[in-house]
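Colleague: For the protein sequence lines, the chains are A and B, in the order given.
The first sequence lines up with residues 1 to 329 when you count with our numbering.
The second sequence lines up with residues 1001 to 1286 when you count with our numbering.
Don't be surprised by glycine CBs; every beta carbon is placed ideally from N, CA and C.
Small disclaimer: the values here were computed from a predicted structure and weren't measured.
Let me begin by handing over the structure; questions about it come next.
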Amino acid sequence: MLWYVLRRLLLAIPLLIGITFISFLVIHLAPGDPMDFQTGELSTDSSAQAKQMLRKQYGLDKPLPVQYWNWLTRLARLDFGRSFAPDGRPVLQKIAERLPITLLLNVIEMAIILIVAVPIGVFSATRQYSRFDKATTIFVFVGFATPDFWFALLLMMAFGTYLGWPISGLRDTNWEYLSFWRQQWDFLSHLFLPITVATFGGLAGFSRYMRQSMLEVVRQDYIQSARAKGLAERVVIGKHALRNAMLPIVTILGLSLPGLIGGSVIVESIFAIPGMGQLMVQSVFQRDYPVIMGNLVIVSTLTLIANLLADVAYGLVDPRIRLGGRRRA
Amino acid sequence: MKDFWATLSRNRLALAGGVVVVCLAALAILAPTLAPWDPNRPDVKKILASPSRAHLLGTDQLGRDVFSRMLYGSRVSLAVGFVSVGIAAAIGIVLGSLAGYNGGMVDAFVMRLVDLMLVFPRFFLLLAVLAFLTPSIWTIMAVIGLTGWMGVTRLVRAEFLSLKEREFVVWSQNVGATGFRVIWRHILPNALAPVLVAMTLGIPAAILTESGLSFLGIGVPPPHATWGNILNEGKETIEIGWWLSVYPGLAILVTVLSYNLLGEGIRDALDPRLRQTGGRFVPRSG
């Protein structure tokens, strides 16, 4: 097992370097002189200032390899520079205060997706072509095709405009004056709509996958023999089949992480949740390049770590993977 | 091929999807003749008019006709979908063939590159790239294409790995065909079926991505009417003009749904084997 984890870690190193390299390339995307970037709605005055700051922070007058090396060494010290926004705070600090919110949202999202999608998948697989199965198939197709931002708008219309639910931020304006339990309730009610939107698409995908995986497992011989030795159907499905059908789901969960995290960009900016996604959109509008780059590097590094954890979890639950990995190495 | 059409025509959902896809293309092409109003002409007397006979889907906050804007928006959506998927497929085919045919170091390098690109949450990468570029419809197409080729690369590589061991390939290599010729004439034509499916399913994904970016206000710049732009403007007046928020979203939903149904239908008809493994998971708009 230790070998397996070490191998995974070694494989992650080139990816980590790759993340920094791609992010570095992004800075040099602008055609011609990297400094001739589009400054959008900024005045020419402030854009000249921004250029100056960018030139200084990234040393853009030096040769490319030197620039990359300098940038790397600063990243290694977790120095992402300072924001171009008027507050001029360190990028790391700005991201650090938003990271927990995005993480919390994504963890809740994943938990809900798993808790809801697994039973749906199992039921539609064990009752294939039943009314329930057909209904979930329709849900899956519609779920895939619904733009999450539109779904969010509809929910805001239904819950916000007509029912008066909170539709922006994470706390009510008079939050400080509420009792402890009211505060928790307030927080939860603010989370309800964003979480609903964020889980909707993933739910469709995962219930589909669970169904597929279950259908394959149920056909296996060991399920036949479990039935043949007289086990209750509940035990056959709930224990023998479910465990094996869950294995691919762990991998898919790892693979779909970037998608889930990327989705927080839209959800956070619609519902005005102060997380990393909202920060990203704001900094794109403000052309706050240090924050954009810092965000990109940190988000993708976190995804890499999460993928790594998913790999390790997979190795833990499925001995074939870790043993197979060692033999191949 | 006969089997293919027979299977596909038995799949009623896929057929319905195909019909809608064709209709949408026709609407987009005929937009200038079909649109009752100039999509960009403001009318101060009709600001936020609710749907009526003159304005089927109402007007927006500048008094522009939403129906006409949506017709023109369908052109943008479809164009972005097709071009960006074309770019992604071209990159994917080249890299996938190189990796699958050559194996070894080339393969290892390409697959690492795929892994690397998959680590970036797509929306974060798109936003970062777009922040440095001049916004235009072409940038959007290019950027969506350049960040979406990983799936096709993997597919093509997998096809190449199995096809290059087959007799007809080994034979043509033995009689002295160049690597390029073997790839181009012998392997690639046999590897294209899954690519076609991936492309059909990639178009709706690209449309979702484009509309998401436009909705955030970072996509196709105004005054181009796109479904995402209309929704972006609609969210400001959501309490008054529900039609601005409902119809463009519905258009996206129907378009994406039809392409998905058609794509899955084609996949099942091309190769029933794919149905087993091919539950797909396109991380949505991520």
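In chain order, what residues of the same chain have a beta carbon less than 7 Å from the beta carbon of V1156/B, not counting five sequence neighbours either side?
Modeller: G1092, I1093, G1096, S1097, G1100, A1191, V1195
Colleague: Shorter than 8 Å from the beta carbon of I1093/B to some beta carbon of chain A?
Modeller: no
Colleague: Would you verify that the beta carbon of R1122/B is, or is not, closer than 8 Å to some beta carbon of chain A?
Modeller: yes
Colleague: Alpha carbon to alpha carbon, how far is A1049/B from G262/A? Give it in angstroms, no decimals.
Modeller: Rounded to the nearest angstrom, the two C-alpha atoms are 36 Å apart.
Colleague: Measuring only the C-alpha atoms, how far is P1222/B from F1123/B?
Modeller: 21 Å
Colleague: For the alpha helix (DSSP H) that A1054/B lies in, which residues bound it at each end?
Modeller: A1054/B -> no alpha helix (DSSP H), and no H or E assigned at all.
Colleague: If contact means a Cβ-Cβ distance below 9 Å, which residues of the segment 255-273 of chain A contact chain B?
Modeller: L255, S256, L257, P258, G259, L260, I261, G262, G263, S264, V265, I266, S269, I270
Colleague: Taking beta-carbon pairs under 7 Å, can you tell me which members of the segment 1234-1258 of chain B lie near chain A?
Modeller: K1235, I1238, E1239, W1242, S1245, G1249, I1252, L1253, V1256, L1257
Colleague: Mapping the DSSP letters down to three states, classify T1226/B as helix, strand or coil.
Modeller: coil
Colleague: Span of the alpha helix (DSSP H) holding G1120/B?
Modeller: The amino acid occupying residue 1120/B in the given sequence is Phe; Gly does not appear at that position. It is not in any alpha helix (DSSP H) - F1120/B carries neither H nor E in the DSSP assignment.
Colleague: Helix, strand or coil, according to DSSP, for T39/A in the structure here?
Modeller: Note that T39/A scores a pLDDT of 44, beneath 50, so its modelled location is shaky; the value from the coordinates is reported in the next line. If DSSP states are grouped into helix, strand and coil, T39/A belongs with coil.
Colleague: In angstroms with no decimal places, state the Cα-to-Cα distance between P319/A and T303/A.
Modeller: Spanning the two alpha carbons is a distance of roughly 24 Å.
Colleague: Does DSSP put P90/A in a helix, in a strand, or in coil?
Modeller: strand
Colleague: Is the distance from the Cβ of G230/A to the Cβ of I113/A below 8 Å?
Modeller: In this structure, I113/A does not lie closer than 8 Å to G230/A by Cβ.
Colleague: Is K94/A buried or exposed, if buried means 16 or more other CB atoms sit within 10 Å of its CB?
Modeller: Sixteen is the threshold: when 16 or more other Cβ atoms of the shown chains lie within 10 Å of the Cβ of K94/A, as they do, the residue is buried.
Colleague: When DSSP labels each residue in this structure, what does T136/A get in the three-state scheme?
Modeller: When DSSP states are grouped into helix, strand and coil, T136/A belongs to the helix group.
Colleague: Looking only at its own chain, which residues have a Cβ that is under 7 Å from the Cβ of P290/A, when we skip the five neighbours before and after it?
Modeller: These residues qualify, in order along the chain: Q57, F80, G81, R82, S83, F84, V91.
Colleague: Under the assumption that A12/A contacts L316/A (Cβ atoms under 8 Å), give the Cβ distance between them as a whole number of angstroms.
Modeller: About 17 Å; that fails the 8 Å criterion.
Colleague: Taking a cut of 8 Å between CB atoms, which residues from the segment 298-319 of chain A lie near chain B?
Modeller: Taken in chain order, the members of the segment 298-319 of chain A whose beta-carbon sits within less than 8 Å of a beta-carbon on chain B are V299, S300, T303, L304, N307.
Colleague: Taking just the CA atoms, how far does Y68/A sit from F24/A?
Modeller: 7 Å
Colleague: Identify which residue in A96/A, T102/A, I252/A has its Cα closest to the Cα of G294/A.
Modeller: A96/A
Colleague: Closer than 8 Å, Cβ to Cβ, to anything on chain B: give me those residues from the segment 124-149 of chain A, in chain order.
Modeller: F141, V142, F144, A145, T146, P147, D148, F149
Colleague: Is the beta carbon of A310/A less than 8 Å from the beta carbon of G254/A?
Modeller: In this structure, G254/A lies closer than 8 Å to A310/A by Cβ.
Colleague: Could you tell me if the beta carbon of K1045/B falls within a distance shorter than 7 Å of some heavy atom in the ligand FMN?
Modeller: Summarising the ligand content, the structure contains no ligands, and the ligand FMN is consequently not present.
Colleague: Please classify D1060/B: does DSSP put it in a helix, a strand, or coil?
Modeller: coil
Colleague: Measuring straight from C-alpha to C-alpha, what distance separates E1236/B and L153/A?
Modeller: 10 Å
Colleague: Going by beta-carbon coordinates alone, are L1024/B and W150/A separated by less than 8 Å?
Modeller: no
Colleague: For D33/A and chain B, any beta-carbon pair shorter than 8 Å?
Modeller: For D33/A, the predicted model reports a pLDDT of 44, less than 50, meaning its position is unreliable; a value from the coordinates is still stated below. So, not an interface residue.
Colleague: Once you ignore the five residues that flank L1015/B on each side, which residues in its own chain have a CB closer than 8 Å to its CB?
Modeller: L1008, S1009, G1265
Colleague: Between T102/A and the rest of its own chain, which residues show a CB-CB distance below 8 Å, the 5 nearest in sequence each way excluded?
Modeller: I261, S264, E268, G275, M276, G277
Colleague: Can you tell me which residues form a DSSP beta bridge with D1065/B?
Modeller: Per DSSP, T1059/B.
Colleague: Look at the alpha carbon of G349/A and the alpha carbon of V1129/B, and state the distance between them as a whole number of angstroms.
Modeller: Limits of chain A in this structure are 1 at one end and 329 at the other, which puts residue 349/A out of reach.
Colleague: Taking C-beta pairs closer than 8 Å, name the residues in chain B that L153/A reaches, listed in chain order.
Modeller: L1231, G1234, K1235, I1238, S1245, G1249
Colleague: Can you pull the chain A residues whose beta carbon is under 7 Å from the beta carbon of F1215/B, in chain order?
Modeller: F149
Colleague: From the beta carbon of T73/A, is the nearest beta carbon of chain B less than 8 Å away?
Modeller: no
Colleague: What's the call for T1226/B, buried or exposed, on a 16-neighbour Cβ count within 10 Å?
Modeller: By the neighbour-count criterion, in which a residue is buried when 16 or more other Cβ atoms sit within 10 angstroms of its Cβ, T1226/B is buried.
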